[in-house]
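Visitor: Mapped onto this note's numbering, the consecutive letters of the sequence shown carry residue numbers 237 to 373. The C-beta atom is built at its ideal place from N, Cα and C for all residues, glycine as well.
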Amino acid sequence: MILFLILIDTDTDCSDTDCKSSSPKMQSFSNLTSSSSTITHLNKEIQRRLTFSEWNCSSTDKLLLAQIGFYFIGPTDLVKCYFCNVEIGMWQADDNPYNTAFFPCGHIIACTKCASSVTKCSYCNQPFVKVMRVYFS
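1. Do you know whose CA, among C350, F339 and G342, lies nearest F316's CA?
2. Alpha carbon to alpha carbon, how far is I309 from D331?
3. Work out the CA separation of T348 and T312 for me, nearest whole Å.
4. Check the C-beta distance from R285 over to L299 and give it rounded, since I have them as a contact under 8 Å.
5. Does the Cβ of Q303 have 16 or more other Cβ atoms within 10 Å, making it buried, or fewer, making it exposed?
6. If you reduce the DSSP assignment to three classes, tell me which class I309 lands in.
7. Would you kindly work out how many angstroms separate the C-alpha atoms of L314 and Q283, rounded to a whole number?
8. To the nearest angstrom, how far is it from the Cα of V377 to the Cα of P340?
9. Going straight from the alpha carbon of N378 to that of I324, what length do you get?
10. Would you tell me roughly how many angstroms separate the C-alpha atoms of T287 and Y307, rounded to the nearest one?
11. Hey, how far is the Cα of T296 from the Cα of W327?
12. Looking only at its chain, what residues have a beta carbon closer than 8 Å to the beta carbon of V322, apart from the 5 residues adjacent to it on each side?
13. Should I345 go down as buried or exposed, given a rule of 16 or more other Cβ atoms within 10 Å for buried?
14. Tell me the residue span of the beta strand (DSSP E) that contains C317.
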């Protein structure tokens with residue numbers, strides 16, 4: 237698992253209290269659809285949450301994973317993104333499911349594949365002109 241570093245663009249106007257919040261708003265990802273996914277009921281966050289009933293990995297927040305598009309496929313801590321079909325497992329306490337920064341806003345709220353399917357930042361709703369893969373260390 238790659239570890240990621242969150243970068244914030246200091247030129248962005250973050251006077252809005254939501255922008256200063258430590259937990260990103262992900263509601264706009266709830267309405268995305270995946271043409272490659274055959275499990276259509278998992279496009280709803282509540283349905284993805286239900287897949288985590290056997291999740292026992294305390295180092296990673298299952299509600300956050302469901303919120304940003306992942307569902308549990310098991311058997312241990314393996315999850316899959318509904319939108320881009322990426323599978324991730326072997327979670328560590330400091331792992332972060334986000335790895336793409338949007339510019340100019342600087343928010344890091346999506347994996348690289350999901351970022352390619354949107355044109356606006358899902359946190360601040362600003363259009364972006366560039367995406368950059370980031371790595372935490």
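Guide: According to the structure shown:
1. Here residue 316 turns out to be Lys, not Phe, going by the sequence shown. When only C-alpha atoms are compared, the closest one is C350.
2. 18 Å
3. 24 Å
4. 7 Å
5. The residue in question, Q303, is buried, as its Cβ has 16 or more Cβ neighbours within 10 Å.
6. Reduced to three states, the DSSP call for I309 is coil.
7. 17 Å
8. Past the edges of the chain, shown from 237 to 373, lies residue 377, and the structure says nothing about it.
9. Shown here, the chain extends from 237 to 373; a query on residue 378 therefore has no answer.
10. 6 Å
11. So the alpha carbons of these two residues sit roughly 7 Å apart.
12. K316, C347 and K349
13. buried
14. V315 to C317
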